[in-house]
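Residue numbers (the working numbering), protein chains in the order written: chain A, 990 to 1144; chain B, 4 to 86.
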């Protein structure tokens, strides 16, 4: 399984989930399970007009690659893709995509969950809220539950 | 030594990056945070709770006890909120 090369993209552009699944499965007959997770920008009951995502260029790619690489060591994956957007995103827009492919579903589910848990509190991205009125508002505070989710994987 | 700042750390300090010459007694991340805090009101404001600041050396996460030897790029930022 060491041959799996994670596909990582940090970009402003949107992504196409179907195309990203096809990138992992195209021309192969050995993949039995593909799990995708898509994170979207939400309006928090009408309170927000946008989220602005800042990132640390260079480290964002490196850290996401480290996380995806760790997933490849823990589970027998046949492919893994992680795409994270930055810039100003509106409610309904895609923010992040994780695609995992494996022979059986459990590895694909678990690896996708692991990658998302680590992305949340280890990938250098920061969200700032834009209120419905249009003004740039507060930076989103980190949630303790995100840190706890990471601790669970270390048990 | 290049220091870079992100999110509200960047906003409170009022700059995205800077070059600094560290005195010899600044040996660890923790020493660096203490030293920076005394550089002015904006640093004091950004680093008033040093335990809340996350640090990366050469684009890898480190603990506050990490030594700075070999660092060419040190980033300071709040807890991350991506995903």
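Each residue gets a CB set at the ideal place from its N, CA and C atoms; glycine is no exception.
Cβ shell of residue i (< 6 Å), same chain only, five flanking positions each side left out
{"i": "residue 1073 of chain A", "result": "999 and 1085"}
{"i": "residue 4 of chain B", "result": "23 and 25"}
{"i": "residue 1136 of chain A", "result": "1110"}
{"i": "residue 991 of chain A", "result": "With a pLDDT of 49 at residue 991 of chain A, under the threshold of 50, the modelled position of this residue cannot be trusted; read the value that follows with caution. Cβ within range, chain order: n/a, list empty."}
{"i": "residue 1024 of chain A", "result": "1089, 1097, 1098 and 1101"}
{"i": "residue 29 of chain B", "result": "35 and 38"}
Within chain B, partners of residue i - CB distance below 8 Å
{"i": "residue 1114 of chain A", "result": "83, 84, 85 and 86"}
{"i": "residue 1109 of chain A", "result": "83, 84, 85 and 86"}
{"i": "residue 1051 of chain A", "result": "62 and 63"}
{"i": "residue 1142 of chain A", "result": "Result: empty, since nearest Cβ-Cβ is about 15 Å, beyond 8 Å."}
Beta-carbon gap between residue i and residue j smaller than 9 Å
{"i": "residue 1066 of chain A", "j": "residue 1118 of chain A", "result": "no"}
{"i": "residue 1058 of chain A", "j": "residue 1013 of chain A", "result": "no"}
{"i": "residue 1075 of chain A", "j": "residue 1049 of chain A", "result": "yes"}
{"i": "residue 1126 of chain A", "j": "residue 86 of chain B", "result": "no"}
{"i": "residue 1056 of chain A", "j": "residue 1006 of chain A", "result": "no"}
{"i": "residue 995 of chain A", "j": "residue 1096 of chain A", "result": "no"}
{"i": "residue 79 of chain B", "j": "residue 65 of chain B", "result": "no"}
{"i": "residue 16 of chain B", "j": "residue 55 of chain B", "result": "no"}
{"i": "residue 1035 of chain A", "j": "residue 1121 of chain A", "result": "yes"}
Opening and closing residue of the alpha helix (DSSP H) in which residue i lies
{"i": "residue 5 of chain B", "result": "No alpha helix (DSSP H) holds residue 5 of chain B; the beta strand (DSSP E) holding it covers 5-8."}
{"i": "residue 1139 of chain A", "result": "1133-1143"}
N-terminal and C-terminal residue of the beta strand (DSSP E) that residue i is part of
{"i": "residue 1079 of chain A", "result": "Per DSSP, residue 1079 of chain A belongs to no beta strand (DSSP E) and is neither H nor E."}
{"i": "residue 1058 of chain A", "result": "No beta strand (DSSP E) holds residue 1058 of chain A; the alpha helix (DSSP H) holding it covers 1048-1063."}
{"i": "residue 1004 of chain A", "result": "First-last for residue 1004 of chain A: undefined, no H or E at that position."}
Chain A residues whose Cβ lies nearer than 8 Å to that of residue i
{"i": "residue 59 of chain B", "result": "1045, 1048 and 1113"}
Spatial neighbours of residue i in its chain, beta-carbon cut-off 7 Å, leaving aside the 5 residues before and after
{"i": "residue 13 of chain B", "result": "19"}
{"i": "residue 1139 of chain A", "result": "1106, 1107 and 1110"}
{"i": "residue 1083 of chain A", "result": "1003, 1004, 1027, 1029 and 1074"}
{"i": "residue 61 of chain B", "result": "74, 75 and 76"}
{"i": "residue 1081 of chain A", "result": "1029 and 1030"}
{"i": "residue 11 of chain B", "result": "81"}
{"i": "residue 1123 of chain A", "result": "1038"}
Other residues of its chain near residue i: CB distance less than 8 Å, five sequence neighbours each side excluded
{"i": "residue 68 of chain B", "result": "31, 32 and 33"}
{"i": "residue 1021 of chain A", "result": "1091, 1092, 1093 and 1094"}
Rounded Cβ spacing between residue i and residue j (contact assumed at less than 8 Å)
{"i": "residue 1002 of chain A", "j": "residue 83 of chain B", "result": "Contact flag wrong, Cβ pair sits at about 22 Å."}
{"i": "residue 1043 of chain A", "j": "residue 9 of chain B", "result": "6 Å"}
{"i": "residue 3 of chain B", "j": "residue 40 of chain B", "result": "This structure gives no information on residue 3 of chain B, because the portion of chain B shown stretches from 4 to 86."}
Interface residues of chain A facing residue i [CB-CB closer than 9 Å]
{"i": "residue 2 of chain B", "result": "Since the first and last residues shown for chain B are 4 and 86, residue 2 of chain B lies out of range."}
Where residue i meets chain B, residues with beta-carbon distance less than 7 Å
{"i": "residue 1057 of chain A", "result": "What residue 1057 of chain A touches in chain B: nothing, since even the nearest Cβ is about 14 Å away."}
{"i": "residue 1028 of chain A", "result": "86"}
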